[in-house]
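Novice: The structure under discussion is supplied below as structure tokens; questions concerning it will follow.
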Amino acid sequence: MTLNASDLGAIEAAARRLAEGGLVGMPTETVYGLAADAGNASAVRSIFEAKGRPSDHPLIVHIPPAEGGDWRAAVAPLAREVPDFAVALMQAFWPGPLTLILPRRPEVAAVAAGGQDSVGVRCPAHPVSQALLVAARALGVPGVAAPSANRFGRVSPTTAAHVAEEFADLGDEQLLILDGGPCPVGIESTIVDCSRGMPVLMRPGMITPAQIEAVCGQPLRARDEAAPRASGTLESHYAPRAKVRLMDGKQLQSALDVLGADAKHIAVYARTTLRASRGVVQRRMPADASTCAQELFAVLRELDATGVKLIWVENPPEGADWDGVRDRLQRAAA
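Heads up, the final residue of the sequence shown is numbered 343 in the numbering used here, and it's a clean run with no missing numbers.
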């Protein structure tokens, strides 16, 4: 069942569904999430079951905006300790597309955390998710576990229709979807590990390393073997059914020239203007990173729906602002 988030009573109905242990398709500024009460172990297990997600692959817990701007207090029910640099990141980027991994209180959110002693937390900026989280808190749900609302490893959803397509097998009693429109950011949050006394980049997003370092006042370390597991960090992820291949513009044109007029079952997503047969499906990649990120998953879904077997994508430009898009495409092609 899909409800327009602006309809009277829609937010309250979704909050009740969460409080009763059910699942909600929740819009955020990044992607749509498959949400459940993070403190209800049975409800969280139903997320893993619906997605086909391994139970040791942790989920991100979403919290409502801090009352009075006190972010340390806002995460206190989940985190047993919060370093000062993490608080600075919260103050700078929350609500927004940044997830922080913090030491977890042992008595909370163990299933959502995949059994680890750390937990990923963020406060989304989307007005619908904020309203839902506030309404759910009033019903006794202090935090909501919400990975992307898609089958595990597949392309993330950025509209309510994507969620409905992914989980068409779930009945109205199993899943309520809140339609909050297309997601404005379009790729998942930047993830920074703050659980070991220093900031470590776990997953790039639209908040860049330079922005993070400017707020932290210290270098942002690269992920290492001692880092906790985190959402969306498997080598293969965000993949359509068609095989994705990354190439530069010259390689794309050369490959299309080799195939010539017989080229078919191929889609191309590129900034470079290319010569191709009429059988090739082409979509223009935006020249700026934020616009590309906003449409990326929707374009991959659209191209996949044409029935092509191959999706050829032009490599994103160099630069930290493209890191999030580059990361998602590399994982889709893995």
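Quick reminder that beta carbons are idealized off the backbone N, C-alpha and C, glycines included.
Are there 16 or more other CB atoms within 10 angstroms of the CB of L107, so buried, or fewer, so exposed?
Specialist: Here residue 107 refers to the residue found at position 98 of the sequence shown. L107 is buried by the Cβ-count criterion.
Novice: Please look up how many angstroms separate the CB atoms of R131 and E244, rounded, as I've assumed it's under 8 Å.
Specialist: In the sequence shown, the residue the question calls residue 131 occupies position 122. In the sequence shown, the residue the question calls residue 244 occupies position 235. The pair is not a contact, with the Cβ atoms about 23 Å apart (cut-off 8 Å).
Novice: Near E175, which residues of its chain fall below 7 Å by C-beta distance, leaving aside the five closest residues on each side in sequence?
Specialist: As a first step, residue 175 must be located in the sequence shown, where it is residue number 166. Hits under 7 Å: A158, N159, R160, P166.
Novice: Does DSSP put V317 in a helix, a strand or coil?
Specialist: Working through the sequence shown from its first residue, we reach residue 317 at position 308. V317 falls in the coil class under three-state DSSP.
Novice: Taking the runs of the beta strand (DSSP E) that are 3 residues or longer, which of them lie wholly in the stretch 163–251?
Specialist: DSSP runs (the beta strand (DSSP E)) wholly in the stretch 163–251: 184–188, 199–202, 209–212.
Novice: Whether or not the stretch 17–37 and the stretch 182–202 are in contact is what I'm after, with contact meaning three or more pairs of Cβ atoms, one per stretch, closer than 8 Å; do they touch?
Specialist: As far as the Cβ criterion goes, the stretch 182–202 touches the stretch 17–37, which means the pair count is three or higher.
Novice: Does the distance from the CB of T39 to the CB of S198 come in under 8 Å?
Specialist: Against the sequence shown, residue 39 aligns to sequence position 30. Against the sequence shown, residue 198 aligns to sequence position 189. Their beta carbons are under 8 Å apart, which means T39 touches S198 by this criterion.
Novice: If you compare alpha carbons, which of D126, P191, V290 is closest to A314?
Specialist: One-based indexing of the sequence shown puts residue 314 at position 305. Considering only alpha carbons, the answer is V290.
Novice: Taking 8 Å as the limit between beta carbons, can you name the residues of its chain near R238, skipping five residues before and five after?
Specialist: Indexing the sequence shown from 1 puts residue 238 at position 229. If we look at R238 and ignore the five residues flanking it on each side, its Cβ neighbours are D65, H66, P67, G123, Q125.
Novice: Quick one: which unbroken alpha helix (DSSP H) runs of 4-plus residues sit fully inside the stretch 92–157? Chain order, please.
Specialist: Qualifying alpha helix (DSSP H) stretches, in chain order: 93–102, 136–147.
Novice: Leaving out the 5 sequence neighbours to the left and right, which residues in its chain are closer than 8 Å to R26 when beta-carbon positions are compared?
Specialist: Stepping through the sequence shown from its first residue, residue 26 is reached at position 17. Result list for R26: L32, V33, L185, in chain order.
Novice: Rounded to whole angstroms, what is the Cα-Cα separation between I56 and S138?
Specialist: Taking the sequence shown and counting its residues from 1, the one referred to as residue 56 is at position 47. Taking the sequence shown and counting its residues from 1, the one referred to as residue 138 is at position 129. About 18 Å.
Novice: Could you tell me the alpha carbon to alpha carbon distance between A97 and V224, rounded to whole angstroms?
Specialist: Locating residue 97 in the sequence shown gives position 88, where the first residue counts as 1. Locating residue 224 in the sequence shown gives position 215, where the first residue counts as 1. Cα to Cα, A97 sits roughly 6 Å from V224.
Novice: Write down every uninterrupted run of the beta strand (DSSP E) in the stretch 13–48 whose length is 3 residues or greater and which is fully enclosed by it, in chain order.
Specialist: Within the stretch 13–48, the complete beta strand (DSSP E) runs of at least 3 residues are 32–35, 42–46.
Novice: Return the CA-CA distance between G227 and D271, expressed in angstroms with no decimal places.
Specialist: The residue labelled residue 227 in the question sits at position 218 within the sequence shown. The residue labelled residue 271 in the question sits at position 262 within the sequence shown. A quick correction: the sequence has Gln, not Gly, at residue 227. Spanning the two alpha carbons is a distance of roughly 55 Å.
Novice: To the nearest angstrom, how far is the alpha carbon of R81 from that of L305?
Specialist: As a first step, residue 81 must be located in the sequence shown, where it is residue number 72. As a first step, residue 305 must be located in the sequence shown, where it is residue number 296. So the two alpha carbons sit approximately 34 Å from each other.
Novice: Give the DSSP-derived three-state secondary structure of V1 in the structure shown.
Specialist: There is simply no residue 1 to check, as the chain begins at 10 and stops at 343 in what is shown.
Novice: Would you decide whether R62 is buried or exposed? Buried here means 16 or more other CB atoms lie within 10 Å of its CB.
Specialist: Working through the sequence shown from its first residue, we reach residue 62 at position 53. The residue in question, R62, is buried, as its Cβ has 16 or more Cβ neighbours within 10 Å.
Novice: Give the straight-line distance between the Cα atoms of L312 and V277, rounded to the nearest whole angstrom.
Specialist: By 1-based counting over the sequence shown, the position of residue 312 is 303. By 1-based counting over the sequence shown, the position of residue 277 is 268. Distance between the alpha carbons of L312 and V277: 9 Å.
Novice: Buried or exposed: G152, going by 16 or more other Cβ atoms within 10 Å of its Cβ?
Specialist: Start at 1 with the first residue of the sequence shown, and residue 152 comes out as number 143. Buried.
Novice: Between T168, G149, A154, which has its C-alpha nearest V423's C-alpha?
Specialist: Past the boundaries of the shown model lies residue 423; the chain is included only from 10 to 343, so the question cannot be answered.
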